[in-house]
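First the structure, in the form of structure tokens, and then the observations on it.
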Amino acid sequence: MISHVGRTFLGLVEGLGHFAVFCAGAALSPWKTRKLGSRILRAVHEQGAVCLPVIVVVGVFTGLVLGLQGYHVLSRFGSEGLLGTLVSLSLVREMAPVLAALMLVGQAGSALAAELGIQRNSEQIAALDTMGVNSLGYLVAPRLIASVLIFPAQAALFTVVGLWGGALSGSLLLGVDSSVYWAAVERAVEYRDLWECFLKAAVFGLGTISICAYMGFHADRHSSAAGARAVSACTTRAVVLSSIAVLVADYVLSSFFIRP
Amino acid sequence: MTAKPPPALKIEGLKKSFHGRPVLDGVDLSIPKGSIFTVLGPSGAGKSVFLKCIAHVIVPDAGRVEFEGRVLETHDRASRADFRRRCGFLFQGNALFDSLTALENVALPLEQTTNLPAAAIRERAREALRQLDIADFESHHPAQLSGGMQKRLALARAIVTHPDIVLFDEPTAGLDPLRRNAVFAMIAKYRRRLDFTALVVTHDVPEALATSDRVALLGQGRIAFEGAPVEFASSNDASVAAFRDSTAALRETLRSLETGEAL
Chain C
73 MISHVGRTFL GLVEGLGHFA VFCAGAALSP WKTRKLGSRI LRAVHEQGAV
123 CLPVIVVVGV FTGLVLGLQG YHVLSRFGSE GLLGTLVSLS LVREMAPVLA
173 ALMLVGQAGS ALAAELGIQR NSEQIAALDT MGVNSLGYLV APRLIASVLI
223 FPAQAALFTV VGLWGGALSG SLLLGVDSSV YWAAVERAVE YRDLWECFLK
273 AAVFGLGTIS ICAYMGFHAD RHSSAAGARA VSACTTRAVV LSSIAVLVAD
323 YVLSSFFIRP
Chain E
897 MTAKPPPALK IEGLKKSFHG RPVLDGVDLS IPKGSIFTVL GPSGAGKSVF
947 LKCIAHVIVP DAGRVEFEGR VLETHDRASR ADFRRRCGFL FQGNALFDSL
997 TALENVALPL EQTTNLPAAA IRERAREALR QLDIADFESH HPAQLSGGMQ
1047 KRLALARAIV THPDIVLFDE PTAGLDPLRR NAVFAMIAKY RRRLDFTALV
1097 VTHDVPEALA TSDRVALLGQ GRIAFEGAPV EFASSNDASV AAFRDSTAAL
1147 RETLRSLETG EAL
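As you go down the protein sequences, you meet chains C and E in turn. 135 is the number that the working numbering gives to position 63 of the first sequence; each next residue is one higher, with no gaps. 953 is the number that the working numbering gives to position 57 of the second sequence; each next residue is one higher, with no gaps.
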């Protein structure tokens, strides 16, 4: 029992160390990679354009639900005029960065883990190494750089469409005056909220894409299975760990940012 | 009497184990410069592991690899980087990038490891495709090419950097006999044309004996035989005979089944 706990703990420490070495290697690799710009553009397309529809749909419905629930809670106290405040602060401070990150993990992160896992299995990563091409710089670094740009952009988009969703359910369907709703939004959201939102999104992006890339890149190392099952296992693990990481990081960051 | 040319590669005491099971147990070989050297052995003998240890895709547990007199140390990045620049590797499964076109696949090592301008890179990649008679398919993706064409595309990528040595990992795996012959003919043709050293691992005995300058047999994690193809063909060594005459043994078993002796 004690030896099992010890082995598990040592395995965890070894895994974290290996992950740290992987991240450090990826962080240093852009300087060793040529034509990085075109690779970053491709990654921007994967995380940006490809994920746009899901961000818009989830953002709209999150806003709709916030508007609906918020209206019924606030109307108990005769404070329907604060609906804009509730929707905007909920979105900017928590829901937009967290939900956008979770959606991006589900779409771009899982695709990345699966793609790298298949490239590991089919020896494409080994082929890069034998060619003298820095595989971290070619395959991982562009995705990490893109994540720092795209996650905040997607969180911003999520916030905008979420606010419109809140306006749709609050004003159009439930009768809150539209000008009152938008005035409350304008009063409630400060620049600091926006910066915190973007910072959170960038941290989530860097963290989750690192995890997904690590899992795919080492698909052969972290699974008892091989071939297609190894790819499936690494993709599942990447999505689960990234989602947990988003929620843990959100709690930690929020505890630093929190104010009355 | 002419002096013996220095070896392109010298391997000493190469060892590799997986989960405590030794796959390579002290392999010693010397690969003459400019030759086609083939390492034969049954499936699972560790031929691919041997090749990957040389290219450092797999880190060996022990042993020494020397390339043109310079020892390739695990932690000496400069020597390894120099070796990789001068070495091509043809993977068993080709390892082509399926999201890139044939031209982009061939251009990739030049784009990433040289300072050549884009037009020169394209021209050199097209030249490699022309040399392997697949220039008409430069805009095709690997999945749109036949197995033989994919093999030629992988070879084009391996030789586009004008390497001094090319490592071939089971170049005929999964190919029919006609294509197997064509691949070995291709290796012989381009080795002469481009003057590289070829190290091939395979279990195709007749093709290897017909095209190689020297052959070795890998068995039990060690080199069981090394010599000229004609010596391999006439060797009385038990392990060589067992591997070389495996088809004869099959024919004998089938004959005895037909005559009822084995029943």
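Just so you know, even glycine gets a beta-carbon here, dropped at the ideal spot from N, CA and C. Since the structure is predicted, the reported quantities are computational estimates derived from the model, not experimental observations.
Annotation: residue 118/C has no Cβ neighbours in chain E at a cutoff of 7 Å; minimum Cβ distance is about 11 Å. Under the 7 Å criterion on CB atoms, residue 202/C is classed as interfacial with respect to chain E. Across the region 998-1010 of chain E, CB contacts with chain C closer than 8 Å involve 1004, 1005, 1007, 1008, 1009, in sequence order along the chain.
Bridge pairing for residue 1122/E: 1112/E [DSSP]. Segment contact: the region 187-206 of chain C against the region 254-269 of chain C, fewer than three CB-CB distances shorter than 8 Å; contact not assigned.
One thing to note: residue 947/E has its Cβ no nearer than 7 Å to the Cβ of residue 1111/E. Against chain E, the CB of residue 104/C has no partner CB under 7 Å away; the residue lies outside that interface.
The region 139-158 of chain C and the region 237-249 of chain C touch, with no fewer than 3 CB-CB distances between them shorter than 8 Å. Here the alpha carbon of residue 912/E sits roughly 21 Å from the alpha carbon of residue 933/E. Residue environment: residue 1029/E is assigned as exposed (fewer than 16 neighbouring CB atoms within 10 Å of its CB, all protein chains considered). Within the same chain, no residue comes within 8 Å of residue 93/C by CB-CB distance, once the 5 residues on both sides are set aside. Against residue 981/E, the close residues of chain C are 204, in the order they occur along the chain (beta-carbon pairs closer than 7 Å).
Beta-carbon to beta-carbon, residue 162/C and residue 138/C are separated by about 6 Å, close enough to satisfy the 8 Å threshold.
Below 8 Å, enough C-beta pairs join the region 170-187 of chain C and the region 219-234 of chain C to call them touching: three or more. Here residue 983/E is bridged, per DSSP, to 1061/E. Listed in chain order, the alpha helix (DSSP H) elements of length 4 or more contained wholly in the region 166-250 of chain C are 168-176, 182-193, 196-202, 213-239. In the structure shown, residue 904/E falls within a strand segment according to DSSP collapsed to helix, strand and coil. For residue 1097/E, the nearest beta carbon of chain C is not closer than 7 Å to its own beta carbon. Here residue 261/C is not near residue 151/C, since their CB atoms are 7 Å or more apart. Between the beta-carbon of residue 910/E and that of residue 956/E there is about 5 Å, and that keeps the pair under the 8 Å contact cut. Taking every protein chain shown into account, the CB of residue 287/C has 16 or more other CB atoms within 10 angstroms, so this residue is buried. A direct Cα-Cα distance of roughly 23 Å separates residue 271/C from residue 97/C. Residue 74/C is classed as exposed because its beta carbon has fewer than 16 other beta carbons within 10 Å across all chains shown. Across the structure, residue 972/E and residue 978/E are spaced so that their CA atoms are roughly 10 Å apart.
The alpha-carbon of residue 1008/E is positioned some 10 Å away from that of residue 207/C.
In chain order, 220, 223, 224 place their CB closer than 7 Å to the CB of residue 274/C, counting only its own chain and leaving out the 5 sequence neighbours on each side.
In the DSSP assignment, the residues bridged to residue 927/E are 905/E.
The beta carbon of residue 1095/E is closer than 6 Å to those of 927, 933, 1063 in its chain, skipping five residues each way along the sequence. Residue 984/E is positioned such that its CB atom lies no closer than 7 Å to that of residue 1067/E. Contact between the region 1040-1052 of chain E and the region 983-1001 of chain E is present: 3 or more CB-CB pairs across the two stretches fall below 8 Å. In this structure, residue 282/C sits away from residue 123/C, with a CB-CB distance that is not shorter than 7 Å. In the three-state scheme derived from DSSP, where H, G and I count as helix and E and B as strand, residue 933/E is classed as strand. Ranked by Cα distance from residue 1019/E, the first of 1057/E, 1124/E, 917/E, 1075/E is 1057/E.
Sorting 131/C, 199/C, 182/C by C-alpha distance to the C-alpha of residue 986/E places 199/C at the top.
Separation of the CB atoms of residue 310/C and residue 182/C is rounded to 7 Å, and the pair is thereby assigned contact status at 8 Å. Residue 1105/E is positioned such that its CB atom lies closer than 7 Å to that of residue 1125/E.
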